[in-house]
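J.: Position in the sequence shown counted from 1, then plus 11, gives you my numbering.
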Amino acid sequence: MSNIQEQINILVEVQGVEVEILQADRLVNALSDEVTAMDQAAAERKALVSAEKETLDALKKSYRELESESKINAGMIVKSNEKLRGVKTNKEYQSILKEIDETRKKNSGIEDRMLELLDAIESAEAAAKVKEAELAGFLQSCQEKKESFAVKAQRERQAVDALNEKKAQISAKADPELITVLDDVKKKVRGLAVVPVQQAICMGCHMNIPAQLFNELQRFDELRFCPHCHRIIYWKEPG
Ligand SMILES: [Zn+2]
12 MSNIQEQINI LVEVQGVEVE ILQADRLVNA LSDEVTAMDQ AAAERKALVS
62 AEKETLDALK KSYRELESES KINAGMIVKS NEKLRGVKTN KEYQSILKEI
112 DETRKKNSGI EDRMLELLDA IESAEAAAKV KEAELAGFLQ SCQEKKESFA
162 VKAQRERQAV DALNEKKAQI SAKADPELIT VLDDVKKKVR GLAVVPVQQA
212 ICMGCHMNIP AQLFNELQRF DELRFCPHCH RIIYWKEPG
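1) Locate the alpha helix (DSSP H) running through Val28, then write down its first and last residues.
2) Is there contact here, the segment 12-26 with the segment 109-116, by at least three beta-carbon pairs under 8 Å?
3) Does the segment 160-167 come within contact of the segment 37-55, defined as at least 3 CB pairs closer than 8 Å?
4) Can you say whether Met218 is buried or exposed, counting buried as having 16 or more other CB atoms within 10 angstroms of its CB?
5) Decide if Tyr245 is buried, meaning its Cβ has at least 16 other Cβ atoms within 10 Å, or exposed.
6) Could you compute how far the alpha carbon of Ser61 sits from the alpha carbon of Asp68?
7) Note down, one range per segment and in chain order, each alpha helix (DSSP H) of at least 4 residues found wholly within the segment 178-210.
8) Give a single yes or no on whether Arg242 has its beta carbon closer than 7 Å to a heavy atom of ligand 3.
9) Classify Arg124 as helix, strand or coil using the three-state DSSP reduction.
10) Answer yes or no: the CB of Gly148 versus the heavy atoms of ligand 1, is any distance below 7 Å?
11) Going by Cα to Cα distance, which pick from Lys102, Asp36, Glu93, Glu63 is closest to Gln169?
12) Quick check: what's the CA-CA separation for Lys184 versus Ser159?
13) Given a cut-off of 8 Å on the beta-carbon distance, is the pair Ile132 and Leu70 in contact?
14) Taking the alpha carbon of Leu174 as the point to measure from, which residue in Leu95, Ile32, Ile21, Ile15 has its own alpha carbon closest?
15) For Ile220, does the three-state DSSP call read helix, strand or coil?
16) Could you round the C-beta distance between Phe236 and Gln16 to whole angstroms and report it? I think they count as a contact, below 8 Å.
17) Spatial neighbours of Glu253 within its chain, please: C-beta separation below 7 Å, excluding the five flanking residues on both sides.
What follows is the structure, given as C-alpha cells:
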C-alpha cells in the first residue's frame, strides 16, 4: 500500500463528498414529500368542496320536487272548483269544498318548506362560493410552491451529478484495495466509516482507544480499526 496517511486523506475526502450527496438527496426527498403532502391536502379540500356541492344539489332537487307537487295540487284545486259548478247535492258540494281546503292546507305547508329550502339554498350557495374561492387560492399557491420546489430539486439533482463526478475523480486516486475495505466497513456501520481519533477517543463511537493502538495509529503504517465500533480510524492532531 502507498502512503497510508495520503490514502486516508483520500478516503476522508470521498466520505465528505458522500455526506454532501446524502444531504442533497435528502433535500430532494423532502421536497418530493412536501409535494405529496400538498397534493393530498388539495385532494381533501376538493373532496370537501364537491361534498358541499352535492348537498346543495340535493337541496335544489328537494325544492324542485316540492314545486312540482305544489303545481299538481294547484291544478287539483282548479279542477275541484270546476267540479263545484256542476254538483247537484249539498253533500257533494261540502265534500268537494273540504277536499279543496285540505289541498290548500297541504300546499301552504309545501310552500313553507319551499321558502325554508330557498333560504338554505341561498346560504349553501354563498358558502360554496367562499369555499371554491378558497380552494382556488390554495391550488394556486400549491402550484407556485411546486414550481419553486421543482427548480430547487433540479438544482440539487445537478449538484448531486457534479458531486458524483467529484467523488469518482477522488476515488480514482485511492488504492482500490482500500476502497473495498471502506465499502465493507460502510455496510457494517451507521454514519461515517472513517473517523479520527482525538485524545485517544474514537470520534465514531466516543470510546477510548487502547494506549498501544493509539501509539501505533500515529505511525500511519497500516490501516487500523476501532476495537469497539470497527470503523477505520486515524490519528488527528488535537486542535
Ligand atoms: Zn469507535
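For every residue, glycine included, the Cβ atom is placed at its ideal position computed from N, Cα and C.
Predicted, not measured: the structure shown is a model, and the values here were computed from it.
T.: According to the data block:
1) For the purposes of this step, residue 28 is identified with residue 17 of the sequence shown, where counting begins at 1. Here the alpha helix (DSSP H) through Val28 covers 15-97.
2) Touching, no, given that fewer than three Cβ pairs across the two stretches are closer than 8 Å.
3) Short answer: they touch.
4) The residue labelled residue 218 in the question sits at position 207 within the sequence shown. Exposed: under 16 other Cβ atoms inside 10 Å.
5) Translated into positions along the sequence shown, residue 245 becomes position 234. Counting Cβ neighbours within 10 Å, Tyr245 comes out buried, since at least 16 surround it.
6) On the sequence shown, position 50 is the one that residue 61 refers to. On the sequence shown, position 57 is the one that residue 68 refers to. Straight-line Cα distance between these residues: approximately 10 Å.
7) Segments of the alpha helix (DSSP H) lying fully in the segment 178-210: 187-199.
8) Here the bound small molecules are ligand 1; ligand 3 is not part of this structure.
9) Your numbering for residue 124 matches position 113 in the sequence shown. Looking at Arg124 - three-state DSSP - the assignment turns out to be helix.
10) The residue labelled residue 148 in the question sits at position 137 within the sequence shown. At a threshold of 7 Å, Gly148 does not count as near ligand 1, since its beta carbon sits no closer than that to any of the ligand's heavy atoms.
11) On the sequence shown, residue 169 is found 158 positions in, with the first residue counted as 1. For the residues Lys102, Asp36, Glu93, Glu63, the minimum Cα distance to Gln169 belongs to Asp36.
12) The count along the sequence shown starts at 1 and reaches residue 184 at position 173. The count along the sequence shown starts at 1 and reaches residue 159 at position 148. Their backbone Cα atoms lie some 38 Å apart in a straight line.
13) In the sequence shown, the residue the question calls residue 132 occupies position 121. In the sequence shown, the residue the question calls residue 70 occupies position 59. Yes; because the gap between Cβ atoms is below 8 Å, this pair is in contact.
14) For this step, residue 174 is matched to residue 163 along the sequence shown. Per the Cα distances, Ile32.
15) In the sequence shown, counting from the first residue as 1, residue 220 sits at position 209. The answer is coil: DSSP assigns Ile220 none of H, G, I, E or B.
16) For the purposes of this step, residue 236 is taken as residue 225 along the sequence shown, with counting starting at 1. For the purposes of this step, residue 16 is taken as residue 5 along the sequence shown, with counting starting at 1. Taking a contact as a CB-CB distance under 8 Å, the pair Phe236 and Gln16 does not count as one, their CB atoms being some 16 Å apart.
17) Residue 253 is absent from the structure shown; the chain starts at 12 and stops at 250.
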